[in-house]
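Engineer: Protein chains in written order, with the working numbering: chain Z, 1 to 438; chain R, 1001 to 1581. C-beta atoms are modelled at their ideal positions from N, C-alpha and C, and glycine is treated no differently. Since this is a predicted model, take the numbers as computed values, not measurements. Starting off with a structure, shown below.
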C-alpha cells in the first residue's frame, strides 16, 4: 500500500504510552528506571529511542511489548474496528534464536504459537525467509550462520506474524560495521517499498548516526531516571547520506542535546546522578581517560573536539564516549560546551606529563572533585591503623542507591584511587588501606 | 548480501524425512541389534511377574550359563530406575521451577536427599515394597529399582531445575512475546535447553547406580533374606561360597555390560544431545559415537524416536490453550495466602521432627546418639584422610595425563569406566588379605571406601588439566617456570575448580560406601572396622529400624555439614578467583 511518499503524513496513532514509571526491583526501594514517560507512536513512522545505558529505553520497549508491567501508567493500543487485534513482535540485540531449531523452525515459532495450520505456516515462513534474503538456508541451524544472517532470521521471525508494530532492541549493535550497514539498508528498502506488513517501527539504539539514518522521529532519553529529554523530527529524505551537511548538523545537534545539562541539576557536579558521596560513578578506566585526553590534546583537535567527530575517530558509541567525557568534566579535565569537548589547562598539562606527574595530577583532581574518594581517604587518615573495611563504604552507598550501583561506584573509585595511589585496596580482605599509597 | 557463512564445519542436517533408497548394510546391523535388544527385554521382563516362592524354587546358582541372564536382569533394573528418575525429574523439577511455593520446599529437599546415604534406605524400602505386593517378586524388584532410583533421581532433578532457572532471558522473552502456551514453551525451550546437562547427569547417576544395584539385589533385613536373580546376588553367593572363579566371572560380566551400555546407549545419546547445546558458534570437537552414526545412516532413527516424537505431538495436539498476546500478568502474591503457606510448612516441619524424635528415642537413649556421633567422627576421619591420599596420588597423575592430549583422550573414558565399575565386587579380596596377614581392619578396610570413588577425582582433574589454555602453558614455559613453582602457579590453580567438583563427588560417595565397606565378609569370615558405616550395616542386618534411622540421620548431617563448611566455600573461592573464562 505505502510508498515513501504515502508514509510521510503520519497521523493515526497506533500506540499511546501514558505516564509510565518503573523501578528496578520491588516496592519503593528500587532505583527508578523510567519516570513519567508519555509518548505516542503513529502509523507509518519509524521512531528511534536514543539514550545511554540506564536510560530505561529497553524497559520502555519491554513495557510496550507486554513483557514487563510498568509500576505506574499504561500502554494503550488504538482500537481496530473489525480486523484482528494488534500484534507486536520484537527483534533482539542478541538475536535470541533457538540453537536447536532450524532457520525455518525458528521463523515458524510465532505462527505455531498462534495455532496456524502447518501448511499455511510453512508457506508464510518460506515467504518471510525469502523476503529477508535467506532462501537456501531454511534447514541451517543458527550456529552455522554468521551474525548478520542470524539477525535476518530474527527479523523474519518477527515479521512473519504480521505485527502492526515492530520493536527493535539495539538490533545492529552486536554486528560489525559493514554487516550492520547492509542490514540497515535492506530493512529501510523493505520498509520504503511497503513489503512488510508493519505499520510502525520502534528502534532502541545508542548509536546517534543510526537513529538519524533510519528514523522519522527521534526521542532522546535522559538517564537516571529515564525521561524523554527531547523530541527531534528528521525530515531528511530517504535514502539519507551520512556526508550530507544537513545530516552532519543533525548529528551534532543531537550530541549537543545529549550533553546539555538539565537546568535543574547542579552545574558543578557533572552529569552523574546524586551529589556528594552519593554520586553514582560510571565504570570508566583511567587508561581510557588518558587515551581520550591525549587524543583531544593532539592534532587535529588541539584541545577542542566535536563529540561526533571524536566518536567517529575513535570508533566509539555514545554509551562509551559520554561517560568518559563526563568523567573528565567531573575531574575538571574537560568542559562540555554544546556538542564540543574542551580540555582544561590541567588536562593539557596531563597530556604532556610523564607517568608519575600524571598520577600526581590525577590524584589532585580526584581528591578535589570526587567526594567519595575524599571521604575514603579522610577515614583512612583518621584511623590509627590506616585501614577500613570496604563493607563500611558499600553500606553507606547503599543507603542512597541500589546495590548494583553501589557496587559499581565503589569499584570505580577503587580503580581510580589505586591508579592515583591515593589509597590501596585488598580484595581478599575486602578493605581499603594506605599501605602502598604514597 | 554481503554475509558469508562463518562456520563451514558442519553442514549436515538432521532430516527426519525417510530416505527412498535401498536398505544398506547399516540398516541390517542396526535392525539386528534392535531385535536382539527387544528380545532380551521381553525375556528379562518375564521373570519379574512371578510369585516370590519362585525365588526359593529356583534360587540363584553359580552356573556360568545363567550369568548373562542375571546380568540382563540387573541391566533392566538399572534402566527401569533411570526411566523412573527421568519421569520424576521432569515432573518435580518443572514444578519446582514453575511454582515458587513448590520450589521453596522441593529445592532444599533435593539438596539434602542428594547427601543422604542411599544404602541406609534399603531397610525401609524393602519392607515397604514387600508390604505393597505381598508374596510377589515385583515388590522386591521394585525395592531394588527404588534403591537405584534414589541414587539417580535427586541430582538429575536438581540439575534439571538449575537448567530451567538459567534459561537465557532473551529466549524467555521470545516465548513470552509470542505467547507460547506452557506446554509448547516446555517442549520448545525448557526441555531442549536442559537436555545436555540432563544427559550428562543421567550418565553420571547411572555410573553411581551400579554400586547400589550390586548391594540391593541380595539383602537381608531382619529375618527376611531376598536374593533377586542378578549379578549382585551372584556375587553375594560367590562370596558366601568363597568361589574365586565366580567372582572373576562377575567382574568380567560387569565390565562387558558397562562397556556395552556405554557404547550402545550413552555415547549415542550424548552425541545426539550435542545439538541442544546452547552455543552460537559451531564447536570444533563434537562428541563421537559409532552407534549414533550407524543409526543415523539408517532409516531406523525416526522409528527409534517415534515414541518420543509421538508423545511430543500428542502433547501439542492436546494443548488447546489459546495463544494470547498481551500484558504479562505478574500477580502480587496475596499476603494472607503467603502466611498460610509458611504456617503450613512450619507445622509440617514441627510434626516431622516430633514424629522422628519420638520414633528414634522411644527405644534409644541420648547416650546412643552420642555414641553414634563418635562413630561418625571416626568415619569422617577416614573420609578426610582417604580423600587427601587419593588427591596426592591422582592430582599429579591427572595433570600429567590432561596435559598430553593423546593420553587424555584415551584415558578419560577409562577413568569414567572405572568410576562406573562397582567396587564392592572387589571387596572380598581385601578380606582375604586382612585375614591372611592379620592386619588391623580399622586401617586396612578404609581404602575400600574410596576404591570406587577416587576415579571422580582423576577424571575431573584430567578434564581440568586439558582445559588449561595453551597460552598460559606457553607463557610458563617461556619464563622457565618449573618444579614446585609450576605446580603452585600453573597446574594447581588451573585444575582446582575441577578438582573441587571431583573431590566433592568422591567424598559424598565415600560416606555412602562406608556402609558396605566398613563391614565386609568372605565366606564365614567377617571383618569389621569401627565406624558409622558398620553401625548402620549391623542395624540393618538385625532389622533394628530406630538405630538405622539414627545412623542415617547422623550421616546425612555430617555429609551436609561437610558440603556446606568445606566444599561450598572452596567452590566459591574457585569460582571467584580461579575460573579461566
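1) For residue 389 of chain Z, which residues does DSSP report across the bridge?
2) Are the C-beta of residue 1571 of chain R and some C-beta of chain Z separated by less than 8 Å?
3) DSSP has residue 440 of chain Z in a bridge; who is on the other side?
4) Taking 8 Å as the cut-off, decide whether the C-beta atoms of residue 251 of chain Z and residue 220 of chain Z are in contact.
5) Give every residue of the same chain whose Cβ lies closer than 7 Å to the Cβ of residue 1454 of chain R, excluding the five residues on either side of it in the sequence, and list them in chain order.
6) With a Cβ-Cβ cutoff of 8 Å, do residue 1578 of chain R and residue 1447 of chain R count as a contact?
7) Cα separation between residue 164 of chain Z and residue 192 of chain Z?
8) Give me the Cα-Cα distance between residue 397 of chain Z and residue 388 of chain Z, rounded to the nearest whole angstrom.
9) Are the C-beta of residue 1174 of chain R and some C-beta of chain Z separated by less than 8 Å?
10) So, do the region 1511 to 1530 of chain R and the region 1229 to 1244 of chain R have three or more beta carbon pairs nearer to each other than 8 Å?
11) Leaving out the 5 sequence neighbours to the left and right, which residues in its chain are closer than 6 Å to residue 13 of chain Z when beta-carbon positions are compared?
12) Closer than 7 Å by beta-carbon distance: list the chain Z residues that pair up with residue 1179 of chain R, in chain order.
13) So what does residue 217 of chain Z bridge to, in DSSP terms?
14) Could you say if the region 88 to 100 of chain Z and the region 153 to 168 of chain Z meet the contact criterion of at least three C-beta pairs nearer than 8 Å?
15) Short of 8 Å in beta carbon distance, which residues of its chain neighbour residue 133 of chain Z, apart from the five on each side in sequence? Order them along the chain.
16) For a contact defined as C-beta to C-beta under 7 Å, what are the partners of residue 1170 of chain R on chain Z?
17) To the nearest whole angstrom, what separates the beta carbons of residue 1307 of chain R and residue 1292 of chain R, a pair I think is in contact under 8 Å?
18) Assuming contact is defined by CB atoms lying nearer than 8 Å, are residue 1250 of chain R and residue 1260 of chain R in contact in what I supplied?
19) Give the DSSP-derived three-state secondary structure of residue 1380 of chain R in the structure shown.
20) Going by Cα to Cα distance, which pick from Z:304, Z:126 and Z:46 is closest to residue 107 of chain Z?
21) If you measure from the beta carbon of residue 1067 of chain R to each beta carbon in chain Z, is any gap under 8 Å?
22) Taking only beta-carbon positions, decide if residue 89 of chain Z is within less than 8 Å of chain R.
23) If you follow the alpha helix (DSSP H) that residue 407 of chain Z is in, where does it begin and where does it stop?
24) Going along chain Z in order, which residues have a C-beta closer than 9 Å to the C-beta of residue 1275 of chain R?
25) So is residue 429 of chain Z in contact with chain R if we call contact Cβ pairs under 8 Å?
26) Roughly how many angstroms lie between the CA atoms of residue 353 of chain Z and residue 376 of chain Z, to the nearest whole one?
27) How should residue 1377 of chain R be labelled, buried or exposed, when 16 other C-beta atoms within 10 angstroms of its C-beta is the threshold for buried?
28) May I ask you to verify whether the region 1560 to 1580 of chain R touches the region 1474 to 1481 of chain R, counting CB pairs closer than 8 Å and requiring at least 3?
29) For a contact meaning CB atoms closer than 7 Å, what does residue 110 of chain Z contact in chain R?
30) Under the rule that 16 or more other beta-carbon atoms within 10 Å means buried, what is residue 1342 of chain R, buried or exposed?
31) Below 6 Å CB to CB, which residues in the same chain sit around residue 1258 of chain R once its five sequence neighbours on both sides are set aside?
32) When DSSP builds the beta bridges, which residues end up paired with residue 34 of chain Z?
33) Measuring CA to CA, which of Z:350, Z:210 and Z:229 is closest to residue 241 of chain Z?
34) Tell me the rounded alpha-carbon separation between residue 63 of chain Z and residue 326 of chain Z.
35) Beta carbons nearer than 7 Å to chain R: which residues of the region 126 to 141 of chain Z have them?
36) Nearest CA to the CA of residue 1210 of chain R: which residue from R:1138, R:1502 and R:1425?
Structural biologist: Reading off the structure:
1) To locate residue 389 of chain Z, count along the first chain from 1; it is residue 389. Z:431.
2) Walking along the second chain from the start, residue 1571 of chain R turns up at place 571. Not one chain Z Cβ lies under 8 Å of residue 1571 of chain R.
3) As shown, chain Z starts at 1 and ends at 438. That puts residue 440 of chain Z outside it, with no answer to give.
4) Counting from 1 along the first chain, the entry for residue 251 of chain Z is found at position 251. Counting from 1 along the first chain, the entry for residue 220 of chain Z is found at position 220. No.
5) The count along the second chain starts at 1 and reaches residue 1454 of chain R at position 454. Same-chain partners within the cutoff: 1390, 1394 and 1506.
6) Position 578 of the second chain, counted from the start, is the residue given in the question as residue 1578 of chain R. Position 447 of the second chain, counted from the start, is the residue given in the question as residue 1447 of chain R. No. Outside cutoff.
7) Within the first chain, the letter at position 164 stands for residue 164 of chain Z. Within the first chain, the letter at position 192 stands for residue 192 of chain Z. The straight-line gap from Cα to Cα measures roughly 16 Å.
8) Sequence index remark: in the first chain, residue 397 of chain Z carries index 397 (1-based). Sequence index remark: in the first chain, residue 388 of chain Z carries index 388 (1-based). The straight-line gap from Cα to Cα measures roughly 15 Å.
9) Numbered from its first residue, the second chain carries residue 1174 of chain R at position 174. Chain Z, which has a Cβ nearer than 8 Å to the Cβ of residue 1174 of chain R, makes this yes.
10) Under the 8 Å Cβ criterion, the region 1511 to 1530 of chain R counts as touching the region 1229 to 1244 of chain R, having at least three qualifying pairs.
11) Here residue 13 of chain Z corresponds to residue number 13 of the first chain, with the count starting at 1. 40, 42 and 78, listed in sequence order.
12) If you number the second chain from 1, residue 1179 of chain R lands on position 179. Near residue 1179 of chain R (Cβ distances below 7 Å), the residues of chain Z are 113.
13) One-based indexing of the first chain puts residue 217 of chain Z at position 217. According to DSSP, which records beta bridges pairwise, residue 217 of chain Z is partnered with Z:47 and Z:233.
14) yes
15) Position 133 of the first chain, counted from the start, is the residue given in the question as residue 133 of chain Z. Counting only Cβ-Cβ distances below 8 Å, and skipping sequence neighbours, we find 152 and 186.
16) For the purposes of this step, residue 1170 of chain R is taken as the residue at position 170 of the second chain. Ordered by position in chain Z, the residues that pass the 7 Å Cβ test against residue 1170 of chain R are 92, 94 and 96.
17) Within the second chain, numbered from 1, the residue matching residue 1307 of chain R stands at position 307. Within the second chain, numbered from 1, the residue matching residue 1292 of chain R stands at position 292. Rounded, the Cβ-Cβ distance is 18 Å, inconsistent with contact.
18) On the second chain, residue 1250 of chain R is found 250 positions in, with the first residue counted as 1. On the second chain, residue 1260 of chain R is found 260 positions in, with the first residue counted as 1. No, Cβ-Cβ distance for residue 1250 of chain R and residue 1260 of chain R is not below 8 Å.
19) Counting from one through the second chain, the residue named residue 1380 of chain R turns up at place 380. DSSP places residue 1380 of chain R in helix when its eight states are reduced to three.
20) For the purposes of this step, residue 107 of chain Z is identified with residue 107 of the first chain, where counting begins at 1. If we check each option's Cα against that of residue 107 of chain Z, Z:126 comes out closest.
21) Numbered from its first residue, the second chain carries residue 1067 of chain R at position 67. Closer than 8 Å: no.
22) Walking along the first chain from the start, residue 89 of chain Z turns up at place 89. At least one chain R Cβ lies under 8 Å of residue 89 of chain Z.
23) Taking the first residue of the first chain as 1, we reach residue 407 of chain Z at position 407. Start and end: 403 to 420.
24) Start at 1 with the first residue of the second chain, and residue 1275 of chain R comes out as number 275. Neighbours of residue 1275 of chain R on chain Z, chain order: 99, 100 and 141.
25) Here residue 429 of chain Z is taken as the residue at index 429 of the first chain, counted from 1. Residue 429 of chain Z does not count as touching chain R.
26) Start at 1 with the first residue of the first chain, and residue 353 of chain Z comes out as number 353. Start at 1 with the first residue of the first chain, and residue 376 of chain Z comes out as number 376. Going from the Cα of residue 353 of chain Z to the Cα of residue 376 of chain Z covers about 27 Å.
27) As a position in the second chain, residue 1377 of chain R is number 377, starting the count at 1. With fewer than 16 other Cβ atoms within 10 Å, it is exposed.
28) no
29) Working through the first chain from its first residue, we reach residue 110 of chain Z at position 110. What residue 110 of chain Z touches in chain R: 1178.
30) Sequence index remark: in the second chain, residue 1342 of chain R carries index 342 (1-based). Around the beta carbon of residue 1342 of chain R, fewer than 16 other beta carbons lie within 10 angstroms, which makes this residue exposed.
31) Locating residue 1258 of chain R in the second chain gives position 258, counting from the first residue. Contacts found: 1420.
32) Here residue 34 of chain Z corresponds to residue number 34 of the first chain, with the count starting at 1. Note: residue 34 of chain Z sits in a beta bridge opposite Z:22 and Z:226.
33) As a position in the first chain, residue 241 of chain Z is number 241, starting the count at 1. Out of Z:350, Z:210 and Z:229, Z:210 has the C-alpha closest to the C-alpha of residue 241 of chain Z.
34) As a working mapping, residue 63 of chain Z is identified with position 63 in the first chain. As a working mapping, residue 326 of chain Z is identified with position 326 in the first chain. When rounded, the distance between both Cα atoms is 30 Å.
35) 133 and 139
36) Within the second chain, the letter at position 210 stands for residue 1210 of chain R. Ranked by how close their Cα comes to the Cα of residue 1210 of chain R, the residues R:1138, R:1502 and R:1425 have R:1425 in first place.
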